[in-house]
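S.K.: The structure is given below, and queries will be raised subsequently.
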Amino acid sequence: MASSSAHSRISNLQNHLSPLEANNKLRSLVKISPQVSEALSNGRAVVALESTIISHGMPYPQNLQTAKEVESIVRENGAVPATIAILNGVPCIGLSEEELERLASLGKSVQKTAGRDIAHVVATRGNGATTVSATLFFASMVGIQVFVTGGIGGVHRFANHTMDISSDLTALGRTPIAVISAGVKSILDIPKTLEYLETQEVYVAAYKSDEFPAFFTEKSGCKAPSRVNSPEDCARVIDANMKLNRQAGILFAVPIPKQHSAAGNLIESATQRALTEAREKNVTGNAETPFLLARVNELTGGTSLAANIALVKNNALIGSQIAVALSQLM
């Protein structure tokens, strides 16, 4: 009953209250940092950031340094960063330096938390690093419209046998938030992922490109469903999506900067080897992506991690510009 009551309260808040009123009421359910709360109340640009990349994406202290640098990029471009995580069972939207340090130092002992896991982590007072789907849930709860990540999950290779399809895709299909990423992770089946996003009615556009990017490389061989050429273009799409009350999300796919895409062939070769090893070791489910990314990093001598960090920073730059352009329309 308590869970049902909480869900009912959240639904009522989203449907009937202004962002400011909802912000105030939701303090009993989540912890919103003062900086994020003030920005939302005053209509300033806010950018949501996921936390799985911190806990599971790279080792300490590199993860902490990268997280701080990404937040700094958002601030330098006129927006407020809202890194999202669950600490001691409390969903936190916007982390203090101490909270960021704690999350980074805990590393993989923090539970990788997708949308389905939120209630369990909260109920057990655990620590959770939010994936794309969980970050979408909390960002939507408080009215954040722009979310930056490295790459979203998708349809896994061999999904016709495993049925392994990331909940990121269904979350995008029911959450009207714009996600800025470097496409989908190259370890996944990109053509099938694009087909699934179409089924979910998610608007997909490549940023300044006619081709959908493949995370570590600028091109995937798949034509992008649409193209946008500026932060203002993106902001107008988000604004129209909101005014039309569409409940599906938006994916803006930003190609990795050219100077970091040269190692794409090396990384793709390592990816194929890592996929083979994952099948041989029967690594499946939510353990597969961290295994693959770590193994690819080993096989490329750190090249893939450096490229990953570069593309996340670039996404933060573009995402914050989009958030500022959107705030000027509202």
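Using the numbering used here, read the sequence shown as starting at 10 and increasing by one per residue.
Ideal Cβ placement from N, Cα and C applies to all residues, glycine included.
All of these numbers come straight from a predicted model, not from anything done at the bench.
Quick one, which of D177, F261, N295 has its alpha-carbon nearest A325's?
M.R.: Residue 325 sits at position 316 when you count from the first residue of the sequence shown. Comparing Cα positions, the closest option is F261.
S.K.: Contact check, F225 vs G162 under 8 Å by CB: the rounded distance?
M.R.: Taking the first residue of the sequence shown as 1, we reach residue 225 at position 216. Taking the first residue of the sequence shown as 1, we reach residue 162 at position 153. So it is not a contact: roughly 16 Å between Cβ atoms.
S.K.: For E207, tell me which candidate among P70, V164, Q74 has the shortest Cα-Cα distance.
M.R.: On the sequence shown, position 198 is the one that residue 207 refers to. Taking only the C-alpha atoms, the option nearest E207 is V164.
S.K.: When you compare each of G135, A332, Q71, I259 to P100 by their alpha carbons, which one comes out closest?
M.R.: The residue you call residue 100 lines up with position 91 of the sequence shown. P100 has its Cα closest to that of G135, out of G135, A332, Q71, I259.
S.K.: Quick one: what does DSSP say I265 is sitting in, helix, strand or coil?
M.R.: Here the question's residue 265 lines up with position 256 in the sequence shown. If DSSP states are grouped into helix, strand and coil, I265 belongs with coil.
S.K.: Quick one: what does DSSP say R304 is sitting in, helix, strand or coil?
M.R.: For the purposes of this step, residue 304 is taken as the residue at position 295 of the sequence shown. DSSP places R304 in helix when its eight states are reduced to three.
S.K.: Who pairs with T122 in a beta bridge, going by DSSP?
M.R.: Here the question's residue 122 lines up with position 113 in the sequence shown. T139, per the DSSP bridge assignment.
S.K.: Short of 7 Å in beta carbon distance, which residues of its chain neighbour S149, apart from the five on each side in sequence? Order them along the chain.
M.R.: The residue labelled residue 149 in the question sits at position 140 within the sequence shown. Excluding sequence neighbours, S149 sits near T184, I186.
S.K.: Considering only C-alpha positions, which residue in the set V89, P264, T312, Y69 is nearest to V45?
M.R.: Along the sequence shown, one-based indexing puts residue 45 at 36. The candidate whose alpha carbon is nearest that of V45 is V89.
S.K.: So, for K228: in the same chain, excluding its five sequence neighbours on each side, which residues have a beta-carbon less than 6 Å away from its beta-carbon?
M.R.: The residue labelled residue 228 in the question sits at position 219 within the sequence shown. Its chain contains E220 as the residues whose beta carbon lies nearer than 6 Å to that of K228, once the 5 sequence neighbours on both sides are disregarded; these appear in chain order.
S.K.: Using 10 angstroms around the beta-carbon of L181, count the other beta-carbons present and answer buried if the total reaches 16, otherwise exposed.
M.R.: Residue numbering aside, residue 181 sits at position 172 when the sequence shown is read from its first letter. It is buried - the Cβ of L181 has at least 16 other Cβ atoms within 10 Å.
S.K.: Sort N169, I102, G152 by Cα distance to G137 and report the nearest one.
M.R.: For the purposes of this step, residue 137 is taken as residue 128 along the sequence shown, with counting starting at 1. Nearest C-alpha to G137: I102.
S.K.: Find the nearest neighbour of E106 within the set Q120, N97, A91, G98, judged by alpha-carbon distance.
M.R.: Mapped onto the sequence shown, residue 106 falls at position 97. Residue A91 is the option with its Cα nearest to E106.
S.K.: Per DSSP, what kind of secondary structure is R216 in: helix, strand or coil?
M.R.: The residue you call residue 216 lines up with position 207 of the sequence shown. One point to set straight first is that residue 216 is Tyr, not Arg, in the sequence displayed. It is a strand residue.
S.K.: Compute the Euclidean distance between the alpha carbons of G311 and V292, then round it to the nearest angstrom.
M.R.: Mapped onto the sequence shown, residue 311 falls at position 302. Mapped onto the sequence shown, residue 292 falls at position 283. One C-alpha to the other measures close to 22 Å.
S.K.: For the 8 Å Cβ check, are there 3 or more pairs between the segment 38-57 and the segment 280-296?
M.R.: no
S.K.: Please find out if some non-hydrogen atom of the ligand ZN comes closer than 7 Å to the beta-carbon of D219.
M.R.: The ligand ZN is absent from the structure shown, which contains no ligand whatsoever.
S.K.: Which runs of the alpha helix (DSSP H), 4 residues or longer, sit entirely within the segment 43-117?
M.R.: Correct list: 43-50, 61-64, 71-85, 106-115.
S.K.: At 4 residues or longer, what runs of the alpha helix (DSSP H) sit wholly inside the segment 177-241?
M.R.: 199-208
S.K.: Suppose you measure from the CA of L253 to the CA of V305; what does that come to, to the nearest Å?
M.R.: By 1-based counting over the sequence shown, the position of residue 253 is 244. By 1-based counting over the sequence shown, the position of residue 305 is 296. In this structure, the straight-line span from the alpha carbon of L253 to that of V305 is close to 42 Å.
S.K.: Buried or exposed: N32, going by 16 or more other Cβ atoms within 10 Å of its Cβ?
M.R.: Looking up residue 32 in the sequence shown gives position 23. Residue placement at N32 is flagged as unreliable, the pLDDT there being 49, under the threshold of 50; the coordinate-derived value follows with that caveat. Buried, since its Cβ has 16 or more Cβ neighbours within 10 Å.
S.K.: By how many angstroms is the C-alpha of I276 removed from the C-alpha of A283?
M.R.: Counted from its first residue, the sequence shown places residue 283 at position 274. Counted from its first residue, the sequence shown places residue 276 at position 267. Those two C-alpha atoms are separated by around 10 Å.
S.K.: So, is S313 buried or exposed, given that buried needs 16 or more other C-beta atoms within 10 angstroms?
M.R.: Taking the first residue of the sequence shown as position 1, residue 313 is located at position 304. Its Cβ being crowded by 16 or more others within 10 Å, S313 is buried.
S.K.: Do the segment 66-84 and the segment 125-135 make contact, defined as three or more Cβ pairs closer than 8 Å?
M.R.: no
S.K.: List the DSSP bridge partners of K40.
M.R.: As a first step, residue 40 is located in the sequence shown; it is residue number 31 there, counting from the start. Answer is C101, bridged to K40.
S.K.: Rounding to the nearest angstrom, what Cα-Cα distance links A48 and V213 in this structure?
M.R.: Residue 48 sits at position 39 when you count from the first residue of the sequence shown. Residue 213 sits at position 204 when you count from the first residue of the sequence shown. The straight-line gap from Cα to Cα measures roughly 28 Å.
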